[in-house]
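Student: Order-wise, the sequence lines are chains L and S.
Letter by letter, the first sequence follows residues 10 to 523 of this note's numbering.
Letter by letter, the second sequence follows residues 49 to 760 of this note's numbering.
Dropping a structure here in structure tokens format, bear with me for questions.
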Amino acid sequence: MSTDVRSVNILVAALGGEGGGVLADWIVTSAIFADYPVQSTSIPGVAQRTGATTYYLELFPRRRADLKGAQPVLALTATPGDIDLVVASELVEAGRAIQNGFVTPDRTTLVASTNRVFAIGERTAMADGRFDSELILTTARHLARRAILFDMSEYARKAGCPVNAVMFGALIGTQCLPIDRAQAEQAIRESGKSVDSNLRGFALGFDQIGKDADRMEGTTRSTRPVSMSDAVLNRMRSEFPPTLHETLAHGINRLIDYQDAAYAELYLNRLKPIVALDRQTNTVLSQETARFLALWMSYEDVIRVADLKTRKDRVPRIRKEVRAGEHEVVRVTEFLKPGLEELCSLFPARLGQRLYDYGRKHNLDRQLNVGMYIRTTSVSGFFLLRLLSGLRWWRRRTWRFHEEQALIGQWLKAIERAAGRDPALALEVALCGQIVKGYGDTHARAVRSFGLIRDRYFAENILTTAEPTFLAVAIRDARKVALADPEGAALTKQIERFSGARAPSKFLTEDITT
Amino acid sequence: MERSFKEEVKSLRLGAGDTFHGEGILAVTKALLQSGVSYISGYPGAPVSHLVDVLTDAEDILEDLGIHFEFAANEAGAAAILGASIQYPIRGAVTWKSVVGTNVASDALSNLSSAGVTGGALIIVGEDYGEGASIIQERTHAFAMKSQIWLLDPRPNLPTIVDMVEHGFALSEASNTPVMLELRIRACHVQGSFDCKDNRAGTYSGRNLIEAPKFDSARFCLPPWTYSQEKQKIDVRWPAAVQYVAEHKLNEVFAGDRNDVGIIVQGGLYNGLIRSLQRYGLADSFGNGQIPLYVLNVTYPLVPAEIVEFCRGKTSVLIVEEGQPNFLEQAIKAILQERQQHATVVHGKDVLPMAGEYTGEVVIGGLGKFFAAAWPEKAGAAWSKPADDIRLIKENAAKLLREPVPVRPPGFCVGCPERPVFSAIKIAEKEIGKTHVTGDVGCHIFSSLAPFHIGNTMLGYGLGLASGAGIAANFKKRVINIMGDGGFWHNGLTTGVTTAVANGDDGILIIMKNGYAAATGGQRIVSTPGSEKAKAPPPSIEAVLKHVGVNWLKTIQSYSVSTMVKSIVEASRSPERGLKVIIADGECQLARQRRIRPINARQLSEGKRVVRTRFGIDADVCTGDHSCIRLSGCPSLTIAPNPDPLRKDPVAQVDNNCVGCGLCGEVAHAAVLCPSFYRTEIIQNPTLWDRLIDGCRQFLIGLLRSQRPVHA
């Protein structure tokens, strides 16, 4: 029965609310116009509430008129090895179709959008939980008979239509179906809703096929222009290897912007000994230390937040993001909740500490946490934040500054000690510089996590005597746990496990605190 | 119901000579109208919700035909409505999601099937089984067998489905027995076409009323008549049904070239079986092929004579039967045994899996094993290759992808008013510690998934509170019970609330009052705020609770996270014993958006002032630890590449699907998270005053602004 005409099988993979059902209807309607037997079915389930959804269609490529009443039997479920066309509105959904075996080199044309809609697991990760898009792209090119990959969501935005119209255009453009453009466009007109924008989207998708379509546009990181005119930058150029210049320039600019040139000088002074100890050709230790040091030194305090929220470029940026029309008025309200800690952190070191302890003792910390709604597009709201941002000159005297610099010092010292022994160990210590971040409770938890790691692994006698590879692995594990578990309980467990481990040096089983 | 089904309603009007194009469940609805039903009822649930949804918008068609249509309080109510067909020759149909709906309906179903019917009674069940199913995986078949209700499982194409609806009524009348028509999820949603007939009115209906009551003791469920009813089922109704099925050839035999093997298949699985046979080159695109097939469009009762006839001369027969237990296989083996037909070896669950959906892939694997056993003359490799190929395709893909792609569990919609309640519980947990939380059926059960992971047990619709009573008595902390307003009216008020009050149970009940049966597509419930169609003012849940003796009662706007946190803590610590009820009040956002979007669009086009609200995050203030997402999970609160050249972790970002519900800001406040959130109000079509004020403000702010460069 190999000469038997078989159906053309189409799997549409989409997300709830993207109009996959409408797309399936368009395919069905245009097939009916063209007089082909067609069947579609779907598993919508709870799809409208964020889930993945699939539509499955089979079209029999013989006109009804020629079939003389014979009815082809069309299947309701997709089977691996059976699919001619997979259309996915999002990259991981394309990946899911591939994973389920629906993309095969002998027959499947894959039309997929390269944009990402992140899944909940990717979004809730503490650091970066994103699935590697590159893996899906390579797999797609490898497994599909023909892979057409482009950012359909961008085209949809251009056309002002949902992504389904672009998908429809692209799938008709592949000519896998015996449906021509006019019949497909007629189906869009027939459905009667947002016809013009859907036709625009259809055309963009259709025209993409056969062009340089399977070229993926890379996501470009916006890098802010770096001005290389400063004295600090000149010093950087003369004293540091060229491979570090880009990172250092970003760091220097950031710290001048955050505080002043002297603070950027301090940054270079702090890096100098570590760069000197870094003998690896890839300078990864220096790079990562430079990166995290710049971020840590520009820790987010009340002054910084107020500063960032009153920048000149902010409101235009927001207007663009919310797609406000030229003549529309935009009002911006900040959700701020400064508490006892934020208040005390502005006082001089000792006073701040004492006030904070007093407040904690008298249970003022929760009471003082009053939610504030500050409208930065009003004069009074803006003025208040401007006043706070003007406290920059005072920052060096504050309790928070004192605390952060102490932690930074401990971290750098540990990197130096480790660098003297083993580059891999030093890198693991350096990467711990990303733990302390965030605001409020998150920041407090992060400081606690950093403290646990510091006390357990960074003590001089451990860093200088423990077996370096063993210690590096232990630190990496602890860091991962600290970054993955927001509550911090897992880190305590991880550290206990470390203490109980059969370590190569006997001191590791002793309880050491600095 | 805020969504309109006006387009679908049009296809219900089609008559003889017209061709219907559309969804399976809509075709069933049309078939009911062609069969002369006098009343229709049901309880919504995927995949059959559309049947009742469409009829809600089809008032005039129903009126023309004198058909009574109503939403039942629950499936038990819907089943009870079929009582109209017991004594009177009128046809009726009801629908629900099965197996859960059948569970709820089973009391009425037992009585209905014992009494037997005079007019045709048809129950359309959406068999929510396999991929996309949202409920426990059981078979409706067991209910059909225990109550002797006939079960239809038509081939999943529209002409057969429509045909079986019409035969279903006739079968019901010929055997005085209610009939179930079972449709799997994909069959409910299958798009196809069929040739219509004219709609027709029932003998008796709203337009031709029954004049005199009828009483026939043979149809009344009380001893001693129930004893004779059981005998009558076996002696009279069952044989009558078998005779009807055989006479009208409801089951189909498709001949094949081979006579020594055959396959018996449930009608609903026919298309998938044909596609799988194609893999072995044993069928063509029209279903013609080498293997004879016996297709059971009626899976209960079986017709022994047909089975014996089909198996005669065959050495091996395969039964393709989805779900477990394998009732068909057991019955067919028993039939062959009784008829001394020992020459036929019957395969079924020995080559196919006992549990789970029979997708193409599964059936292909089973067929290979069956043919290898039944047809040894062909090389073994030919029988294993199709399944091996599929395995290799998947293994190869998995290897190239390196790790499984991220899953997308269902979650709350953008702006869902139930999300803030779980954010509040999560924040309150920091103060009161974790406690046992009983879940209930409804969108709110998604709380048990990421990112909230709140919910320890789930026992069924409206049973959230009832399922907490035993735990509460044995648990150190106060148990939190969740219930939706849909579940509350379905049975939660009586099963849960009044019982807990009467028993003096100590616990916390949170009622999600979103105004609709939201999880099934936003159908109206009795407390849905009025519409022009409403026949009575909606009752207030608060008033009902007070009336039945709930003293500790708070209604809180679900978006007031801080107030909600305080109330949960208070309910948990209050020295007062007894049931403490918090009503989380917030309209289903899907319904709300359907309502307000057209209004806003109209006002905008008329040039009127419209304020659009949206939230945002300052990427340079966000430090990328994503705590906000863990406390919310809103689909529009997502991540984006970090614009900062020194940072690699993605920042949180609010995308343009945001409806401005404000939860992220509230959570950032209540959990003391981070200052990156801001709310924007975009004033569209601003008035002159708006612009004047804005201009002045911008001028003054410009003077205050620092002259420092924009950004490093």
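We treat Cβ as the ideally placed atom computed from N, Cα and C, and that holds for glycine.
1) Kindly provide the ranges of any beta strand (DSSP E) runs that are 3 or more residues long and lie completely inside the region 557-633 of chain S, ordered along the chain.
2) Counting only Cβ pairs nearer than 9 Å, list the residues of chain L close to V669/S.
3) At which residues does the beta strand (DSSP E) containing F127/L begin and terminate?
4) Does DSSP put L507/S in a helix, in a strand, or in coil?
5) Is it true that the CB of L60/S sits closer than 7 Å to the CB of I109/S?
6) E729/S bridges to which residues according to DSSP?
7) Do Y45/L and L68/L have their beta-carbon atoms positioned less than 7 Å apart in this structure?
8) So for Q195/L, helix, strand or coil by DSSP?
9) Please confirm if Y292/S has its CB atom under 7 Å from at least one CB of chain L.
10) With DSSP as the reference, please indicate the residues paired to G783/S in a beta bridge.
11) Do you know whose CA, among G310/S, G174/S, G743/S, lies nearest L231/S's CA?
12) Near L345/L, what residues of its chain come up, given a Cβ to Cβ distance below 7 Å and the 5 sequence neighbours on each side ignored?
13) How many angstroms separate the CA atom of N278/L from the CA atom of N291/L?
14) Are the beta-carbon atoms belonging to T188/S and S223/S less than 7 Å from one another?
15) Output the residue ranges of the alpha helix (DSSP H) runs that lie fully inside the region 239-295 of chain L and measure 4 residues or longer, sorted by chain position.
16) Measure from the C-beta of F334/S to each C-beta in chain L and report whether the shortest distance is under 7 Å.
17) Any idea which residues DSSP pairs G250/S with across the strands?
18) Assuming contact is defined by CB atoms lying nearer than 7 Å, are P698/S and N690/S in contact in what I supplied?
19) Compare the Cα-Cα distances from P70/L to each of Q80/L, A61/L, Y64/L and report the closest residue.
20) For W305/L, count neighbouring Cβ atoms within 10 angstroms of its own Cβ and tell me buried if that reaches 16, exposed if not.
21) Taking only runs of the alpha helix (DSSP H) that begin and end inside the region 431-459 of chain S, which ones reach a length of at least 4 residues, in chain order?
22) For S97/S, which of helix, strand or coil comes out of DSSP?
23) Determine whether the beta carbon atoms of L341/S and I311/S lie at a separation below 7 Å.
24) Taking C-alpha atoms, which residue in G555/S, G510/S, T546/S lies nearest to V527/S?
25) In whole angstroms, what is the alpha-carbon distance linking M10/L and A493/L?
26) Within a Cβ cutoff of 7 Å, which residues of the same chain sit near I327/L, ignoring the five residues on either side of it in sequence?
27) Using only the alpha-carbon positions, how far apart do A445/S and V213/S sit?
28) What residues in the region 428-450 of chain S bring their beta carbon closer than 7 Å to a beta carbon of chain L?
29) Here's the rule: buried if 16 or more other CB atoms are within 10 angstroms of the residue's CB, otherwise exposed. What is G474/S?
30) Verify whether the separation of the beta carbon atoms of L711/S and P468/S is less than 7 Å.
31) Short check: CB of P204/S to CB of L85/L, under 7 Å?
32) Can the beta-carbon of D93/L be found less than 7 Å from the beta-carbon of R116/L?
33) Suppose you measure from the CA of M225/L to the CA of R645/S; what does that come to, to the nearest Å?
34) When the distance is taken between beta carbons, is Q277/S closer than 7 Å to S162/S?
35) Where does the unbroken alpha helix (DSSP H) through D464/L begin, and where does it stop?
36) So, S98/L versus E27/L, is the Cβ gap smaller than 7 Å?
Tutor: Concretely, from the data shown:
1) Listed in chain order, they are 600-605, 627-633.
2) Counting from 1 along the second sequence, the entry for residue 669/S is found at position 621. Within 9 Å Cβ-Cβ: E309, R313, V314, L317, K318, Y448.
3) Here residue 127/L refers to the residue found at position 118 when the first sequence is read from its first residue. Here F127/L belongs to no beta strand (DSSP E), and DSSP marks it neither H nor E.
4) Counting from one through the second sequence, the residue named residue 507/S turns up at place 459. Note: L507/S maps to coil in three-state DSSP.
5) Position 61 of the second sequence, counted from the start, is the residue given in the question as residue 109/S. Position 12 of the second sequence, counted from the start, is the residue given in the question as residue 60/S. Yes, Cβ-Cβ distance for I109/S and L60/S is below 7 Å.
6) The count along the second sequence starts at 1 and reaches residue 729/S at position 681. Per DSSP, R340/L, T661/S.
7) Taking the first sequence and counting its residues from 1, the one referred to as residue 68/L is at position 59. Taking the first sequence and counting its residues from 1, the one referred to as residue 45/L is at position 36. Note that the C-beta distance between L68/L and Y45/L is below 7 Å.
8) The count along the first sequence starts at 1 and reaches residue 195/L at position 186. Reduced to three states, the DSSP call for Q195/L is helix.
9) The residue labelled residue 292/S in the question sits at position 244 within the second sequence. With a threshold of 7 Å between beta carbons, Y292/S makes no contact with chain L.
10) Because chain S is modelled from 49 through 760, residue 783/S falls outside the range shown and cannot be assessed.
11) Taking the second sequence and counting its residues from 1, one reaches residue 231/S at position 183. For the residues G310/S, G174/S, G743/S, the minimum Cα distance to L231/S belongs to G174/S.
12) For the purposes of this step, residue 345/L is taken as residue 336 along the first sequence, with counting starting at 1. Excluding positions up to five away in sequence, the list reads M381, I383.
13) Residue numbering aside, residue 278/L sits at position 269 when the first sequence is read from its first letter. Residue numbering aside, residue 291/L sits at position 282 when the first sequence is read from its first letter. The alpha-carbon atoms of N278/L and N291/L are separated by roughly 21 Å.
14) On the second sequence, residue 188/S is found 140 positions in, with the first residue counted as 1. On the second sequence, residue 223/S is found 175 positions in, with the first residue counted as 1. Not closer than 7 Å, so no.
15) When DSSP assignments are scanned along the region 239-295 of chain L, the uninterrupted stretches of alpha helix (DSSP H) that are 4 or more residues long and fall wholly within it turn out to be 240-248, 254-267, 270-286.
16) For this step, residue 334/S is matched to residue 286 along the second sequence. Closer than 7 Å: yes.
17) Translated into the one-based positions of the second sequence, residue 250/S becomes position 202. Within the DSSP secondary-structure output, G250/S pairs in no beta bridge.
18) Within the second sequence, residue 698/S is the residue found at index 650, counting from 1. Within the second sequence, residue 690/S is the residue found at index 642, counting from 1. Inclusion of P698/S and N690/S in the CB contact set at 7 Å is warranted, their separation being smaller than that value.
19) The residue labelled residue 70/L in the question sits at position 61 within the first sequence. Per the Cα distances, Q80/L.
20) In the first sequence, the residue the question calls residue 305/L occupies position 296. W305/L comes out buried.
21) Qualifying alpha helix (DSSP H) stretches: none in this window.
22) In the second sequence, the residue the question calls residue 97/S occupies position 49. Here S97/S carries a helix assignment [DSSP, helix/strand/coil].
23) In the second sequence, counting from the first residue as 1, residue 341/S sits at position 293. In the second sequence, counting from the first residue as 1, residue 311/S sits at position 263. Yes, the Cβ-Cβ distance between L341/S and I311/S is below 7 Å.
24) Within the second sequence, residue 527/S is the residue found at index 479, counting from 1. Checked all of G555/S, G510/S, T546/S; the closest Cα to V527/S is G555/S.
25) The sequence position of residue 10/L within the first sequence is 1, counting from 1. The sequence position of residue 493/L within the first sequence is 484, counting from 1. Residue placement at M10/L cannot be trusted, given a pLDDT of 41 that sits under 50; the coordinates are not used to answer.
26) Numbered from its first residue, the first sequence carries residue 327/L at position 318. Within the same chain, Cβ atoms closer than 7 Å to the Cβ of I327/L are found at V339, V341, the five residues on either side in sequence being excluded.
27) As a first step, residue 445/S must be located in the second sequence, where it is residue number 397. As a first step, residue 213/S must be located in the second sequence, where it is residue number 165. Roughly 43 Å separates the two Cα atoms.
28) Under the 7 Å Cβ criterion, the region 428-450 of chain S contributes D437, I438, I441, K442, A445, A446, L448, L449, R450.
29) Counting from one through the second sequence, the residue named residue 474/S turns up at place 426. Inspection of the sequence shows that residue 474/S is occupied by Lys rather than by Gly. K474/S should be labelled buried.
30) If you number the second sequence from 1, residue 711/S lands on position 663. If you number the second sequence from 1, residue 468/S lands on position 420. The criterion of a C-beta distance shorter than 7 Å is satisfied by L711/S and P468/S.
31) Stepping through the second sequence from its first residue, residue 204/S is reached at position 156. Stepping through the first sequence from its first residue, residue 85/L is reached at position 76. Yes, they are a contact pair.
32) Position 84 of the first sequence, counting from 1, holds the residue named residue 93/L. Position 107 of the first sequence, counting from 1, holds the residue named residue 116/L. Going by C-beta atoms, D93/L is nearer than 7 Å to R116/L.
33) Locating residue 225/L in the first sequence gives position 216, counting from the first residue. Locating residue 645/S in the second sequence gives position 597, counting from the first residue. Low confidence applies to M225/L: its pLDDT is 42, below 50, so where it sits in the model is not reliable enough to give any reading.
34) Stepping through the second sequence from its first residue, residue 162/S is reached at position 114. Stepping through the second sequence from its first residue, residue 277/S is reached at position 229. Contact: yes.
35) Here residue 464/L refers to the residue found at position 455 when the first sequence is read from its first residue. Under the DSSP assignment, D464/L falls in the alpha helix (DSSP H) whose first and last residues are 449-466.
36) If you number the first sequence from 1, residue 98/L lands on position 89. If you number the first sequence from 1, residue 27/L lands on position 18. The answer is yes: Cβ separation under 7 Å.
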